[in-house]
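Chains as they are written, first to last, in the numbering used here: chain R, 48 to 407; chain X, 11 to 138; chain C, 13 to 415. Built from N, CA and C at the ideal position, the CB exists for glycine as well. For reference, the structure discussed in these notes is given below.
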Amino acid sequence: MIYLDYNASTPLRPQAKEALVATLDLTGNPSSPHHMGRQLRSLIDTARKAILEKIEGERLVFTSGGTEANALALSSVESFPVIVSAIEHDSVLKAVKNPHLIPVTEEGRVDLEKLEALLSSFEKPGLLSLMLVNNETGVIQPVQEVARLARSKGWKVHTDASQALGHVPLSFKNLGVDLLTLSSHKCGGPIGVGALVIKESLHLAPLIRGGGQEYGMRAGTLSAPLIVGFATAAKEALNDNSTLLQRYQQKIETSLPAAVVYGKKAPRVSHVVSLGMPGVLAELQLMAFDLKGIAISAGAACSSGTMKTSHVLTAMGIPEQEARCAIRVSMGWQTRKEDIDQFIQEWQNIYHLQRLKEAS
Amino acid sequence: MAYSTEVIDHYENPRNVGTLDSKDDFVGTGLVGAPACGDVMKLQIKVNAQGVIEDAKFKTFGCGSAIASSSLVTEWIKGKTVEEASTIKNTTIAHHLALPPVKIHCSMLAEDAIRAAIQDFKGKQKAA
Amino acid sequence: MERPIYLDYQATTPCDPRVLQAMLPYFTAEFGNPHSRNHAYGWRAEEAVEAARMKVASLINADPKALIFTSGATESNNLAIKGVAHFYQEKKDHIITCATEHKCVLNSCRQLEQEGFKITYLPVDSNGLIDLNHLKEAITEKTVLVSIMAVNNEIGVIQPLAEIGKICRERGIFFHTDAAQAVGKIPMDVEAMNIDLLSISAHKLYGPKGVGALYVRRKPRVRIQSLINGGGQERGMRPGTLSPPLCVGLGEACAIASAEMPSEYARLKVLRDRFYHAIKTGLEEVYLNGDLEQRIPGNLNLSFAHVEGEGLMMGIKDLAVSSGSACTSASLEPSYVLRALGVEEEMAHTSLRLGFGRFTTEEEIDLAAQKIIKEVNRLREMSPLWEMNREGIDIKSIKWAAH
C-alpha cells in the first residue's frame, strides 16, 4: 500500500507513538493536586513549552484539533467584520456567518492589492484569517506581509498553520500574527489534539466552558498522552528532510508533462502537488489508484465524501470541468522513492488508457 | 503545588505541639483564624519574670503550610523577649518556608497568632 | 517513592490495558483519516470508528446513528446545553438544572444566562438528591431543557433519572443528563429513562482521555446548534477529524464495562463497605456526605471533623485522593457541592473524596483505611478544634474573626 494522502492525515511517527504509549500508562487527572496529577501536569507543561519555544510563540491553548482551534480563534470576534481568504479550510470559511472573502490570483496566492482595498473599505477593524500553507495546492501565503498590513490598520490576524509545521519555517513572532492554529495529526502526531497559539495580551471567550483549564479559554480534562505525542511529532517534523520531498515533487512534475500543476509558479511547499489529468474525472482516477494500492485524495478529506468541486481551484479561476479532474498528491516522512516511481507509472497508465478509450 | 522541604519537615515533625495552662497569669493565648475559612491557630507563650518567652506551644487546624508556619514560629519565639517576638513579620516566615502566593495567608495567620498571644499576656499582667 | 494507592477514580480512571491493546494498532498500522472516502486507509479507519460507535450505543441502549463523538464530556455538556438552547431560542428560553452539577454544566448555563436565557438551579436535599416536586414546580411553558447529572462527581449519588425522564417526556421538554460518572458503572438506558441527550466521557470508564460522546435522540428528533463549524463531520453537529484510536478506545471501554458491570458493581460494593466500616470503627466523628443507598459503589465522601482536608491529604501523600472536584481543588474554596447539601463550611473543609475502581484491591483498601485513621488521629492531636470538642466546648459559641 502506498500512502500519498499526508495532508488528510499523517502516519504517527515512531517517536511520537513511543512517547504517547509511555504516557498512556500513567494514571491521574492533570488537574488533581496529588502527586500523580502533578506528574501529568508537568509533562503537559513541558510539551507546551517545547512547542512554544520551537515556533517562538507566546501562549498556547490545547484543543481537540485544528478545527476547534480555528473555531476558537474566529469566535473571538463577535460584532466585528471578519475577512478570510477564499481558499481557507472549511473550518475557517464556515466558522462565522458570511465572512468577507479575499480573492486569490490564478496561482493561488491572496491578492494583496485587492486585500488592501478590502481592508480600507471597513470603518472599524476586525479579524483577518489567512492560512499559511494551502492544504490542496501547497501554495505558501504571504502571511507576514498581510499581517503587517492588517495590523497597521488595527486588525487582529489569525493564521491556520495546520499544514505548515515542518514544511516552512514557522515563527509566530516573525509572522507577526495574533493567533495561530496547529494540528497534531498533520505533522505526524496523533489525531485528537491541536493547539491555538495566542498573543499573551489576548483573552478569548471559551467555546467550551467548565473547569477553567487552559487559561480559562478551553475547559476539559487534558490528555497528556495526546499532548506529549503531539509535541514529540512537532519536534521531529522540524528535522524532516525537505530536499528529498522536493526532489520527489520535481520528479512528478517533470515526468508527467501531460499533467497540469496548479499553483506551480507560486512559492510552494515541497510535499504537495495539485495535479490535473486532462479529461479524467478525479473520482475515476482515485478509484484506479486505489485498485493499484495507492491512497490519494482529491481535496480536503472532510468534504471528499461528497466530491464537490474544489473551492480552492474555483477561487483560482479554474473552470469547473477542469477542476473536477484534479487530485492532490501529498507526501511525508515515510514516503520512499519507489512510491513516487510507482505513482508516476500508474498515473501514466490511467492517462494512456483514457486516451485510448477516447481514440476508439 | 509542591511543598518545600522546610514545610514538609515541620508538618511531619511539628515542634512544640501542645497546650499550656491558659489560666496561668504568665501564659498568653492567641486563637486566630476561623473554622469556616479552613484554618485556626492556637498559639500559647509562657513568659518569665524577665519578660523572656521560655516556652511556646501550638495547635493548628489547617493545611500543611499553616501547621508549618505555627510550628516554625514557636521555635523562633522561644528565648526571645516579648518585644523581640512581636517584631516577627509574616514575610520572614513565608520566605523561610518558601510559601507559594496562595499560602501567604498562613504566614499572616502565624504573625497574628503571636500578636494575639502577646496581647493576651499583657492584658493579664495589667489586670494583675 | 513507591507507586501511590490510587483512590481518585472520579477524577479519572486508569486506561484499561485491554483498551490500550485495542487502540494501539490504530495509532500506527491503521492510520488514515476516517473521512477520506477514496482509499482503503480511510475506509478501514471509518469501519473501526463505526464499530466503536455501535459498542458505545449498545451500553446505553441507543441507536448508534444518534451518537456523536466529541473530545470529552466537557465538550458534550457544552454542546448539549448550549446547542439545544441556541437552536430553540426563538420559542423557548428556560432551562432547569441543579446546583450540584459539574462546573462545565453550570458555566454553560451561566453563559446562557448572560445571553438572556432564564435558568433555574434546583436545590438538593441533604442527601444530595433533587426533589421531584421542585422539578415539577419549576417547569414553565418556556422550559426547553432539563439538565440533571446521572451521578455526582464528588458524592457519587444517583439522581432519579427515570422519574425525571418521565416528567420531561410528559411535558414535552428535552432531558439531558451528564452521565460521565454513570456510564459503565450503573445500567443506563436512554429508552427506559426517556433521556434525550446524554454525555459520556471515556476517561471516566477506563478509556483514553481526549474523547467522549454525546447521544442526541433522533426519534423524536432533538436538534442542536453546533459549537464548532467546519467540515460537516458527525452529522454537522461536531466537525473536526475523528481519531480512530480514541474512538476505538472508547468503544472497547464500553464493551468491557458492559460485560463486567454486574460483577464489578458487587465487588466494589464489598470493598467500599469494608473501607467505610474500617473508618467508622477506627475513628469517631466521621460523617458521610450524600446518600449511602442511592450511590455508585465506587465512591465515598467523608468529613473528618476537626481535621482540615488539604492538611490531611498532605499526610496521606502515598494515597492519591481528592479533597473536592479536581478542577477546582487548586483553589481554597470549600466544595460548592457539599455546601449545596447544607454541609457547614467548617465541615466541608474537612472532607475527602475517596474513589474506588476496577484496579482497587482489598489490600489497598485496608492499607488506605489504616493510613487515614493514623493520620487523622495525629492531626486531631494537633487540632485546637478537636481539643475544644474533647473539652465539650461548642466551637460555634466562639466568636471567630473572619479573615
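CB-CB under 7 Å to residue i, same chain, minus the five flanking residues each way: which ones, in chain order?
i	result
Ser80/X	Met51, Leu53, Phe68, Thr70, Ala120, Ala123
Ser350/R	Because the pLDDT of Ser350/R is 48, which lies under 50, any placement of that residue in the model is unreliable, and the question is left without a value.
Asp143/C	Asp137
Ala342/C	Model confidence at Ala342/C stands at a pLDDT of 48, short of 50, so the residue's coordinates are unreliable; what they give is reported in the following sentence. Here the set comprises nothing.
Glu320/C	His361, Thr362
Ala108/X	Ser14, Glu16
Give the residues of chain C in contact with residue i, contact being defined as C-beta atoms less than 7 Å apart.
i	result
Lys52/X	Pro396
Using the beta-carbon of each residue, which ones in chain C are nearer than 8 Å to residue i?
i	result
Asp49/X	Glu320
Lys64/R	Phe39, Thr40
Gly158/X	Any question about residue 158/X goes unanswered here, given that chain X covers just 11 to 138.
Whose C-alpha, out of the options, is nearest the C-alpha of residue i?
i	options	result
Val136/C	Lys130/C, His146/C, Glu376/C, Phe129/C	His146/C
Lys197/C	Val163/C, Gly222/C, Arg250/C	Val163/C
Gly170/R	Trp202/R, Glu367/R, Glu160/R	The sequence given here places Glu at residue 170/R; Gly does not occur at that position. Of the listed residues, the one whose Cα sits closest to Glu170/R is Trp202/R.
Pro189/R	Gly112/R, Met178/R, Ala118/R, Asn182/R	Met178/R
Val228/C	Phe187/C, Ala267/C, Lys216/C	Phe187/C
Asn76/R	Ala413/C, His215/C, Glu62/C	His215/C
Glu246/C	Val156/C, Glu399/C, Arg65/C, His114/C	Arg65/C
His147/R	Ser209/R, Ala306/R, Ala164/R, Arg156/R	Ala164/R
Thr132/C	Lys411/C, Ile160/C, Asp75/C	Ile160/C
Ile407/C	Met359/C, Arg390/C, Gly323/C, Met326/C	Met359/C
Asp208/C	Gly224/C, Gly184/C, Ala57/C	Gly184/C
Gly54/C	Asp52/R, Ala116/R, Val307/R, Glu135/R	Asp52/R
Leu295/C	Gly222/C, His361/C, Val388/C, Asn241/C	Val388/C
Leu312/C	Ile328/C, Gln33/C, Phe287/C	Phe287/C
Lys77/C	Glu62/C, Ala85/C, Thr189/C	Glu62/C
Met200/C	Pro172/C, Cys180/C, Ala380/C, Val223/C	Pro172/C
Thr253/C	Gly241/R, Gln395/R, Met363/R, Leu87/R	Gly241/R
Gly310/R	Val157/R, Glu405/R, Asn117/R	Val157/R
Met48/R	Asp337/R, Glu369/R, Ala362/R, Ser357/R	Asp337/R
Gly99/X	Ala44/X, Val112/X, Cys116/X, Pro110/X	For the sequence presented, residue 99/X should be read as Lys rather than Gly. Cα-wise, what sits closest to Lys99/X is Cys116/X.
Cβ closer than 9 Å: which chain C residues qualify as neighbours of residue i?
i	result
Met378/R	Correct list: empty, because the minimum Cβ distance to chain C is about 15 Å.
Gly74/X	Glu322, Gly323, Met325, Met326, Gly327
State the beta-bridge partners of residue i as determined by DSSP.
i	result
Ser231/R	Partner(s): none; Ser231/R has no beta bridge.
Tyr18/C	Ala332/C
Arg106/R	Ile245/R
Ser344/R	Arg375/R
Cys110/C	Leu134/C
Ser213/C	Gly224/C
Which residues in chain X have a C-beta closer than 8 Å to the C-beta of residue i? List them in chain order.
i	result
Ala413/C	Val42, Gly43, Ala44
His188/C	Going along chain X, no residue has its Cβ under 8 Å from His188/C, so there is no contact; the nearest lies around 34 Å.
Considering only residues of the same chain and omitting the five flanking positions on each side of residue i, which have a CB-CB separation below 6 Å?
i	result
Arg315/R	Gly185, Val186
Phe219/R	Ile102, Glu103, Gly104, Leu227, Val244
Met325/C	Ser335
Tyr299/C	Ser315
Ile374/R	Leu322, Ala329, Gln332, Ile343, Ala345
Ser176/R	Val131, Val139, His205
Cys266/C	Lys67, Val68, Leu71
Thr114/R	Ser138
Ser88/C	Thr82, Ser211, Gly224, Leu226
Which residues of chain X have a Cβ atom closer than 7 Å to the Cβ of residue i, listed in chain order?
i	result
Phe407/C	Per the sequence shown, residue 407/C should be read as Ile rather than Phe. The answer, in chain order, is Pro45.
Glu358/C	Pro45, Ala46
For residue i, which residues from the same chain have a beta carbon less than 8 Å from its beta carbon, with the 5 sequence-adjacent residues on both sides left out?
i	result
Met13/C	Any reading at Met13/C is ruled out, since the residue's pLDDT is 48, under 50, leaving its predicted position unreliable.
Gly404/C	none
Ile128/X	Gly38, Gly40, Ile55, Val92, Ala95, Ser96
Ile387/R	Tyr295, Lys298, Ile299, Met378
Name the chain R residues that come within less than 9 Å of residue i, Cβ to Cβ?
i	result
Asp28/C	The premise fails here: Asp28/C is roughly 11 Å from chain R at the closest Cβ pair, so nothing lies under 9 Å.
Gln237/C	Residues of chain R passing the Cβ test: none, with the nearest at roughly 12 Å.
Leu32/C	Val68, Leu71, Asp72
Asn164/C	The premise fails here: Asn164/C is roughly 15 Å from chain R at the closest Cβ pair, so nothing lies under 9 Å.
Name, please, each residue of chain X whose Cβ falls closer than 9 Å to the Cβ of residue i.
i	result
Glu399/C	Thr29, Lys52, Lys69
Using a C-beta to C-beta distance shorter than 8 Å, which residues of chain R count as neighbours of residue i?
i	result
Ala23/C	Gly75, Asn76, Ser78, Ser79, Gly84
Worksheet item: If you scan the region 129-202 of chain C from start to end, which runs of the alpha helix (DSSP H) of 4 or more residues do you find wholly inside it?
Response: Runs found: 144-150, 173-183.
Worksheet entry | Sequence ranges, alpha helix (DSSP H) only - wholly within the region 297-331 of chain R, length at least 4 | Entirely contained in the region 297-331 of chain R, not one alpha helix (DSSP H) run reaches 4 residues.
Discussion item. Runs of 3 residues minimum, wholly inside the region 346-382 of chain C: which ones carry the beta strand (DSSP E) assignment?
Written reply: Correct list: 363-367.
Discussion item. In chain order, what are the residue ranges of uninterrupted beta strand (DSSP E) at least 3 long that sit wholly in the region 37-90 of chain X?
Written reply: The region 37-90 of chain X contains these whole beta strand (DSSP E) runs: 37-44, 49-57, 63-71.
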